[in-house]
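Enquirer: In order, the protein sequences belong to chains P and R.
Going by my numbering, the first sequence wraps up at 257, each residue one higher than the last.
Going by my numbering, the second sequence wraps up at 1147, each residue one higher than the last.
Every residue, glycine too, gets a C-beta built ideally from N, C-alpha and C.
Values in this document were obtained by computation on a predicted structure and should not be read as measured data.
Encoded as structure tokens, here's the structure I'll be asking about.
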Amino acid sequence: MKQQKLMMGCAALLLGCTALAGSVHAQSANGYPGPQGDTLDSLKQLPDWSGTFALDRAGHEGSGYADEPNRPQGKAVPLTPRYEYLRAHADPGIQPALANCLPAGVPGVMLHTILTEFLLTPGRVTMLFEDGEVRRIYTNLAHHPDLEPFDQSYEGSSIGHWEGNTLVVDTVSFPKGALFQNDPLTATINSHYVERIFLRDHDHMEIDATLTDPAIFTRPYTTKLTYARSKEDMVEPECAATSRDLNGTIDLTPPPE
Amino acid sequence: MPSMKRIAISVAAGMLSAAVGNAPAWAHHSGAMFDMFHCKTISGTVRVLQWSYPHNWLWVDQPLANGTQAVWGFEFMSPTQAENIDPLWSRDVMKKGDKVTVKFGPLRDGRNGGALAWVLIPSGHTLHASPGLCTLPPGGAPGGPPP
């Protein structure tokens, strides 16, 4: 009898340990509740973001940094006086990094009409851009890692978590990231970019973003970008081979007929 | 679908912003090398349409009075972006020898090139490449894109 009780006790203990282990596992590596995409099982509970998307024209013109200074009055980018001056007096001869086939970085890469893939794998959401850029968003980290490797970064360090069907991305340390589309101004080491990404419907992805940097903006700058599902597929980028605009010059050598 | 059509890197997105009224802007690189306010028009025949990243290029042979021809190169958008403006755009939308009329913001250095505003193709369709470009007073070329 004693032996039987002992065995039952051990069994209960094992079950308890198993249940405890299960609850710890369910809490996810990033500390957030619900499916976080940190395991194959939880990935199955996340939305289907397969396919390719591109910033659509409506999304492009309606928001974002790209159409500044064409934004409607009252919706101007809230630049600090210093950055207003820098924009107004920008040397037109200085090209953005993208002109030399370098990355646009954060947030600039999000503002171009380029095909983008969102790959959901355990512990990571990877954004692949058709110009060859990659953003890796770690969904299995509660905090940003050591930022030293990112102190000259274009894309920065990104961690994310899921709130239902919305991926919330927190990006820091992207001092080489382009601020706008058509000038060489970049973020600073203190810039902070937060995105809420979700499928508004089957064919449209919405990215509500807030860019904060007291040196650049007088208040957090919010944008709403719309990406449309594309029928196109990604192909290999070949900017360096085909661009005629490297180093601020234009090569007018006609191609072979 | 041609594989090159899928080279849809769109980095001249700033040109789209011209649609809302101000000077067109280039995204992939500064548009400072182009005179967006003194547009020109030429007619000629298609030499080749380069459908490529980061920009498409339309090359046109312009016949000259002395019997020779000048070669012009016009930069515009990129595949995805061009298709976004007009779904008719594709790498196959025109072929060598097609008679075209081109409006463009010329290179400031005087060479035979510019930023493509639109091109009129033999079907009578006007393919816009940069909404707002060459419609901008003052100093712009008279008239905007054809209806």
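Can you have a look at residue 1099 of chain R and say buried or exposed, based on whether 16 or more other CB atoms are within 10 angstroms of its CB?
Expert: Here residue 1099 of chain R is exposed, its C-beta having fewer than 16 other C-beta atoms within 10 Å.
Enquirer: Under 8 Å between beta-carbons, which chain P residues line up against residue 1089 of chain R? List them in chain order, please.
Expert: By Cβ distance, chain P contributes nothing, its closest Cβ being about 13 Å from residue 1089 of chain R, past 8 Å.
Enquirer: Could you list which residues in chain P have their beta carbon closer than 8 Å to that of residue 1059 of chain R, in chain order?
Expert: 254 and 255
Enquirer: Identify each residue in the region 225-240 of chain P for which the Cβ-Cβ distance to at least one residue of chain R is less than 7 Å, and report them in chain order.
Expert: 232, 233, 235, 237, 238 and 239
Enquirer: Whose C-beta lies closer than 7 Å to the C-beta of residue 1088 of chain R among residues of the same chain, with five residues either side of it excluded?
Expert: 1125 and 1127
Enquirer: Go ahead and pull the three-state DSSP assignment for residue 1084 of chain R.
Expert: helix
Enquirer: Would residue 38 of chain P and residue 28 of chain P qualify as a contact pair, given that the criterion is a beta-carbon distance under 8 Å?
Expert: Going by beta carbons, residue 38 of chain P and residue 28 of chain P fall inside the 8 Å limit.
Enquirer: Identify every run of the beta strand (DSSP E) within the region 1049-1084 of chain R, keeping only runs that are complete inside it and at least 3 residues long; order them along the chain.
Expert: 1056-1063 and 1069-1076
Enquirer: Measure the beta-carbon distance from residue 254 of chain P to residue 162 of chain P and round it to whole angstroms, keeping in mind my assumption that it falls under 8 Å.
Expert: Contact doesn't hold; Cβ gap of about 51 Å is too wide.
Enquirer: Ordered along the chain, which non-local residues of its own chain (more than five positions away) have a Cβ less than 6 Å from that of residue 191 of chain P?
Expert: 213
Enquirer: Which of the residues in the region 1031-1057 of chain R, read from start to end, lie with their CB under 8 Å from any CB of chain P?
Expert: Going along the region 1031-1057 of chain R in chain order, one finds 1031, 1032, 1033, 1047, 1048, 1050, 1052, 1053, 1054, 1055 and 1057 with a Cβ nearer than 8 Å to chain P.
Enquirer: Taking 8 Å as the threshold (beta carbon to beta carbon), is residue 1080 of chain R in contact with chain P?
Expert: By this cut-off, residue 1080 of chain R is an interface position.
Enquirer: Establish whether the CB of residue 42 of chain P and some CB of chain R are separated by less than 8 Å.
Expert: Not flagged as an interface residue toward chain R: residue 42 of chain P, since no C-beta distance is shorter than 8 Å.
Enquirer: Got a sec: which bits of the region 1092-1107 of chain R sit with their beta carbon under 9 Å from any beta carbon on chain P, in order along the chain?
Expert: 1096 and 1107
Enquirer: In chain P, which residues lie less than 7 Å from residue 1119 of chain R when you measure between Cβ atoms?
Expert: In chain order: nothing, as chain P lies at least about 17 Å away.
Enquirer: Do you know how far the Cα of residue 77 of chain P is from the Cα of residue 1120 of chain R?
Expert: 37 Å
Enquirer: Between the region 170-177 of chain P and the region 96-107 of chain P, can you find at least three pairs of beta-carbon atoms closer than 8 Å?
Expert: yes
Enquirer: Taking residue 1113 of chain R as the query, report the chain P residues whose CB atoms sit under 7 Å from its CB, ordered along the chain.
Expert: 250 and 252
Enquirer: DSSP has residue 1106 of chain R in a bridge; who is on the other side?
Expert: R:1114
Enquirer: Using a C-beta to C-beta distance shorter than 7 Å, which residues of chain R count as neighbours of residue 135 of chain P?
Expert: Result: empty, since nearest Cβ-Cβ is about 16 Å, beyond 7 Å.
Enquirer: Would you say residue 1084 of chain R reaches chain P, if we count a Cβ-Cβ gap shorter than 8 Å as a contact?
Expert: yes
Enquirer: Would you mind sorting residue 1097 of chain R into buried or exposed? The rule is 16 or more other CB atoms within 10 Å of its CB.
Expert: exposed
Enquirer: In the DSSP output, which residue or residues are listed as bridge partners for residue 84 of chain P?
Expert: Note: residue 84 of chain P sits in no beta bridge, so no partner.
Enquirer: Helix, strand or coil: which one does DSSP assign to residue 141 of chain P?
Expert: coil
Enquirer: Skipping 5 residues on each side, what residues in its chain have a beta carbon closer than 8 Å to that of residue 234 of chain P?
Expert: 52, 115, 117, 128 and 130
Enquirer: Given a threshold of 16 other Cβ atoms within 10 Å of its Cβ, counted over all protein chains shown, does residue 33 of chain P qualify as buried or as exposed?
Expert: exposed
Enquirer: Residues of chain P with CB closer than 7 Å to the CB of residue 1110 of chain R, please, in chain order.
Expert: By Cβ distance, chain P contributes nothing, its closest Cβ being about 11 Å from residue 1110 of chain R, past 7 Å.
Enquirer: What whole-angstrom Cβ distance do residue 1131 of chain R and residue 1085 of chain R have, given they're in contact under 8 Å?
Expert: Confirmed, about 7 Å.
Enquirer: Out of P:244, P:252, P:256 and P:257, which one is the CA nearest neighbour of residue 100 of chain P?
Expert: P:244
Enquirer: Take residue 197 of chain P and list the residues in its own chain whose beta-carbon comes closer than 6 Å to its own, dropping the five residues that flank it on each side.
Expert: Spatial neighbours of residue 197 of chain P in its own chain (CB-CB distance under 6 Å, excluding positions within 5 residues in sequence) are listed in chain order as 167 and 207.
Enquirer: Between residue 153 of chain P and residue 138 of chain P, how many whole angstroms is the CB-CB distance? I'm expecting something under 8 Å.
Expert: Contact doesn't hold; Cβ gap of about 14 Å is too wide.
Enquirer: For residue 80 of chain P, would you say it is in contact with chain R, using Cβ-to-Cβ distances shorter than 8 Å as the test?
Expert: Chain R places no beta carbon closer than 8 Å to that of residue 80 of chain P, leaving this residue out of the contacts.
Enquirer: By how many angstroms is the C-alpha of residue 148 of chain P removed from the C-alpha of residue 45 of chain P?
Expert: 34 Å
Enquirer: To the nearest angstrom, how far is the alpha carbon of residue 1058 of chain R from that of residue 1076 of chain R?
Expert: 8 Å
Enquirer: Between the alpha carbons of residue 1069 of chain R and residue 1106 of chain R, how many angstroms are there, rounded?
Expert: 18 Å
Enquirer: For residue 1095 of chain R, which residues from the same chain have a beta carbon less than 6 Å from its beta carbon, with the 5 sequence-adjacent residues on both sides left out?
Expert: Closer than 6 Å at Cβ, skipping near neighbours: no residue.
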